[in-house]
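Trainee:
There are 2 protein chains.
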Amino acid sequence: MRVAFQGEIGAYSETAVYKYFGLDVEIKPCTHLSDVFKSVEADEVDFGVVPVENSLEGSVNQTYDLFLTHDLKVCGEVIVKIVHCLIAHPGTRLDDIKTVYSHPQALAQCRNFLEKLNRKVIPTFDTAGSVKMIKDEGLRDAAAIASERAAKIYGMEVLARDIGDSPNNYTRFFVLSKNDASYSGKDKTSIIFSIKSYPGSLYNILGEFASRNINLTKIESRPTKKTPWEYNFYLDFEGHRTEERCKQALEAIKNKTTFLKVLGSYRASSLDNSNFHF
Amino acid sequence: MRVAFQGEIGAYSETAVYKYFGLDVEIKPCTHLSDVFKSVEADEVDFGVVPVENSLEGSVNQTYDLFLTHDLKVCGEVIVKIVHCLIAHPGTRLDDIKTVYSHPQALAQCRNFLEKLNRKVIPTFDTAGSVKMIKDEGLRDAAAIASERAAKIYGMEVLARDIGDSPNNYTRFFVLSKNDASYSGKDKTSIIFSIKSYPGSLYNILGEFASRNINLTKIESRPTKKTPWEYNFYLDFEGHRTEERCKQALEAIKNKTTFLKVLGSYRASSLDNSNFHF
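Those protein sequences? They're chains A and B, same order as listed.
The letter at position 10 of the first sequence is residue 51 when you use this note's numbering, and the numbering goes up by one with no holes.
The letter at position 162 of the second sequence is residue 203 when you use this note's numbering, and the numbering goes up by one with no holes.
Now the structure itself:
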């Protein structure tokens with residue numbers, strides 16, 4: 042089985058791949074998120090794993106937008122706890138560090154630690170890639186923020202562990218393929234839709250779920266990009282699209298939306314234990 | 042009048058300040074978005090101007106989150122068209138450029154141009170700051186992506202103009218102060234709320250607006266950060282909070298929310314001509 046993800050070896054996305062599929066997979070690291078979608082479409086891999094949401098930062102907008110331009114399904118979800126570490130060449134002391142490299146989101150999540158450390162901070166394109174970079178370029182006065190796994194993979198040393206501001210740091214990933222998953226009894230469904238412009242139009246859509254007692258677990262609006270300040274809506278709800286009440290709700294909103302795309306139904310991650318719905 | 046914004050002189054946020062207040066203001070550039078909020082709170086400035094949404098990228102999450110930890114009001118909105126330029130030292134030719142610096146969002150918005158250009162791309166913390174950096178460090182084989190104004194301010198040259206992928210690139214800013222604005226006849230109101238967890242709870246809130254024929258113009262969910270996968274909702278609607286039907290709707294949802302914060306009512310920007318509502 043071949044699975045694509047975005048980032049370098051050691052990225053949190055790679056952890057998500059192994060967590061979902063086990064260690065017996067062949068991985069394909071991709072430079073851009075769009076490459077993951079393209080690889081699945083072109084049958085170069087069987088699955089793709091892409092981040093959709095972080096519990097502190099919110100949605101990964103680029104992933105949501107890519108679902109509009111690629112015809113792929115969501116067939117699974119997996120949640121990974123994010124534990125950031127400060128990583129440097131073996132033998133480096135904290136006092137030696139002059140510069141810290143990482144992805145802007147990781148830097149933002151370690152703001153308190155970095156303010157106390159008070160070193161120069163330089164944004165990069167990814168976490169594990171920063172570890173690789175300071176290794177490859179032999180930067181002995183630099184550190185990177187990434188996962189403990191990234192440190193191991195590149196033979197580097199963890200100077201400080203779990204340096205994030207908040208312990209509630211989780212990233213949710215979607216597993217992509219050409220088909221979604223069959224009914225498991227603990228499913229969620231993700232859809233994208235656009236609506237007509239009149240007062241109550243979103244309210245009327247949500248009513249089709251409320252009247253059938255279907256739990257919504259997420260709603261997100263994203264700019265259409267075609268017309269400024271017009272939005273597509275991304276909605277996750279509990280249930281499988283083949284279940285009767287879900288089927289009825291989807292059928293009912295088809296007539297009330299100007300565009301509807303069912304991204305797929307998939308087994309909910311066991312880590313998704315928030316019980317929050319609306 | 043003193044007005045704070047985030048970024049270097051020449052930032053798009055500074056353009057927003059002048060567009061809203063005219064040229065006769067004293068500006069205070071801040072390093073972090075949170076510094077803008079703090080400056081207004083501490084009466085160091087009369088107003089702050091912060092980005093809330095880009096028509097291509099969506100919401101500026103950090104701004105939305107700062108409204109939770111600071112007790113400030115929205116008293117105005119202003120929309121700025123974003124026109125990215127490739128900027129370098131005077132006399133530089135495109136062939137001389139080896140590296141392009143800018144904020145990751147600006148880099149992403151010029152993806153097509155940059156792919157054709159095919160140079161090394163390095164993310165930075167801001168657009169105008171990148172122009173200042175290549176000037177101050179005398180980098181003659183580098184360019185930055187920023188506004189034409191930034192090029193003028195730092196005495197640099199525009200090598201290519203309007204290099205963004207999409208012509209529909211606008212950023213919406215909020216004007217912050219300690220009080221919101223009075224009724225103007227063309228107003229919007231922004232609120233934040235949390236809801237109880239039961240199927241239909243968001244639907245019931247939206248019903249208080251739909252039943253009063255109040256147009257919603259934006260809905261956004263943001264993680265609470267306290268509990269993973271729980272959300273606060275950010276809602277914009279047409280009308281002033283002192284208008285009877287708006288007052289009634291706000292009163293009604295007070296009992297249906299677990300938390301409600303009215304960020305304020307303000308005159309809608311004349312550039313907000315999408316007419317899209319729901």
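The C-beta atom is built at its ideal place from N, Cα and C for all residues, glycine as well.
Checking contacts by CB at 9 Å: is Ala-149 of chain A closer than that to chain B?
Mentor: Chain B places a beta carbon closer than 9 Å to that of Ala-149 of chain A, counting this residue as a contact.
Trainee: Kindly indicate which residue of A:Glu-118, A:Gln-289, A:Gly-48, A:Ser-75 has the alpha-carbon position closest to the one of Lys-60 of chain A.
Mentor: Comparing Cα positions, the closest option is A:Glu-118.
Trainee: Mapping the DSSP letters down to three states, classify Thr-104 of chain A as helix, strand or coil.
Mentor: helix
Trainee: Mind listing, in chain order, the continuous alpha helix (DSSP H) runs of no fewer than 4 residues lying wholly within the region 173-238 of chain B?
Mentor: Given a length threshold of 4 residues, each whole run of the alpha helix (DSSP H) inside the region 173-238 of chain B is given here in chain order: 189-194.
Trainee: Once the 5 residues before and after Ile-175 of chain B are set aside, which same chain residues still bring their CB inside 6 Å of it?
Mentor: Ala-183, Ala-185
Trainee: Please classify His-125 of chain A as buried or exposed, where buried requires at least 16 other C-beta atoms within 10 Å of its C-beta.
Mentor: buried
Trainee: Nearest chain A C-beta to His-281 of chain B closer than 9 Å, yes or no?
Mentor: no
Trainee: Is the beta carbon of Leu-148 of chain B closer than 9 Å to that of Pro-164 of chain B?
Mentor: yes
Trainee: So within the region 236-313 of chain A, which uninterrupted alpha helix (DSSP H) runs reach at least 4 residues, ignoring any that extend past its ends?
Mentor: 242-251, 285-295
Trainee: Can you give the Cα-Cα distance for Phe-154 of chain B and Pro-264 of chain A, rounded to whole angstroms?
Mentor: 22 Å
Trainee: Does DSSP put Ala-169 of chain B in a helix, in a strand, or in coil?
Mentor: helix
Trainee: Tell me, please, which residues DSSP counts as bridged to Gln-47 of chain B.
Mentor: B:Cys-71
Trainee: Let's test the definition: count the other Cβ atoms within 10 Å of the Cβ of Tyr-307 of chain A and tell me whether it reaches 16, buried, or not, exposed.
Mentor: buried
Trainee: Can you confirm whether the region 292-310 of chain A touches the region 49-60 of chain B when touching is taken to mean that 3 or more C-beta pairs between the two stretches lie within less than 8 Å?
Mentor: In short, these stretches do not touch, since the Cβ pair count stays below three.
Trainee: At the level of alpha carbons, what is the spacing between Val-199 of chain A and Ser-188 of chain A?
Mentor: 9 Å
Trainee: Quick one: give me the first and last residue of the alpha helix (DSSP H) that Pro-92 of chain A is part of.
Mentor: Per DSSP, Pro-92 of chain A belongs to no alpha helix (DSSP H); it is in the beta strand (DSSP E), 88-95.
Trainee: The region 132-145 of chain B: which residues have C-beta closer than 7 Å to a C-beta of chain A, in chain order?
Mentor: Pro-145
Trainee: Answer yes or no: do Phe-46 of chain A and Lys-69 of chain A have a C-beta to C-beta separation smaller than 9 Å?
Mentor: yes
Trainee: Is it buried or exposed, Glu-271 of chain B, if we count other Cβ atoms within 10 angstroms and call 16 or more buried?
Mentor: buried
Trainee: Can you name the residues of chain A whose CB is closer than 7 Å to the CB of Ser-96 of chain B?
Mentor: Pro-264, Pro-269, Trp-270
Trainee: Using 9 Å as the threshold, is the C-beta distance between Glu-279 of chain B and Asp-167 of chain B below it?
Mentor: no
Trainee: Between Leu-301 of chain A and Glu-178 of chain B, what straight-line distance do the alpha-carbon atoms span, to the nearest angstrom?
Mentor: 51 Å
Trainee: If contact means a Cβ-Cβ distance below 9 Å, which residues of the region 70-92 of chain A contact chain B?
Mentor: Along the region 70-92 of chain A, there is no position whose C-beta sits under 9 Å from a C-beta of chain B.
Trainee: DSSP three-state label for Lys-139 of chain B, please.
Mentor: coil
Trainee: Could you confirm whether any beta carbon from chain B is found closer than 9 Å to the beta carbon of Ala-290 of chain A?
Mentor: With a threshold of 9 Å between beta carbons, Ala-290 of chain A makes no contact with chain B.
Trainee: Closer than 8 Å by C-beta to Met-42 of chain A: which residues in its own chain qualify, once you throw out the five before and the five after it? Chain order, please.
Mentor: Phe-62, Asp-65, Val-66, Glu-67, Asp-87, Phe-88
Trainee: Counting contacts by CB-CB distance shorter than 9 Å, is Ser-242 of chain A in contact with chain B?
Mentor: yes
Trainee: Answer yes or no: do Tyr-275 of chain A and Ile-233 of chain A have a C-beta to C-beta separation smaller than 9 Å?
Mentor: yes
Trainee: Got a sec: is the Cβ-Cβ distance from Ser-311 of chain B to anything in chain A below 9 Å?
Mentor: Chain A has no Cβ within less than 9 Å of the Cβ of Ser-311 of chain B.
Trainee: Taking the alpha-carbon positions, what's the Cys-123 of chain A to Arg-286 of chain B distance?
Mentor: Looking at the sequence provided, one finds Ile at residue 123 of chain A rather than Cys. When rounded, the distance between both Cα atoms is 45 Å.
Trainee: Please list the residues of the region 197-217 of chain A that have a C-beta atom closer than 9 Å to any C-beta atom in chain B, keeping them in chain order.
Mentor: Ser-207, Asn-209, Asn-210, Tyr-211, Arg-213
Trainee: Distance cutoff 9 Å, beta carbons only. Does Phe-46 of chain B sit that close to anything in chain A?
Mentor: no
Trainee: So what's Pro-145 of chain B in DSSP terms, helix, strand or just coil?
Mentor: Looking at Pro-145 of chain B - three-state DSSP - the assignment turns out to be helix.
Trainee: In chain B, what lies closer than 7 Å to Glu-261 of chain A by C-beta?
Mentor: The answer, in chain order, is Ser-262.
Trainee: Terminal residues of the continuous beta strand (DSSP E) containing Glu-118 of chain B?
Mentor: 114-122
Trainee: Which residues in chain B sit within 7 Å of Ile-255 of chain A, going by Cβ to Cβ distance?
Mentor: Those are Pro-240, listed as they occur along chain B.
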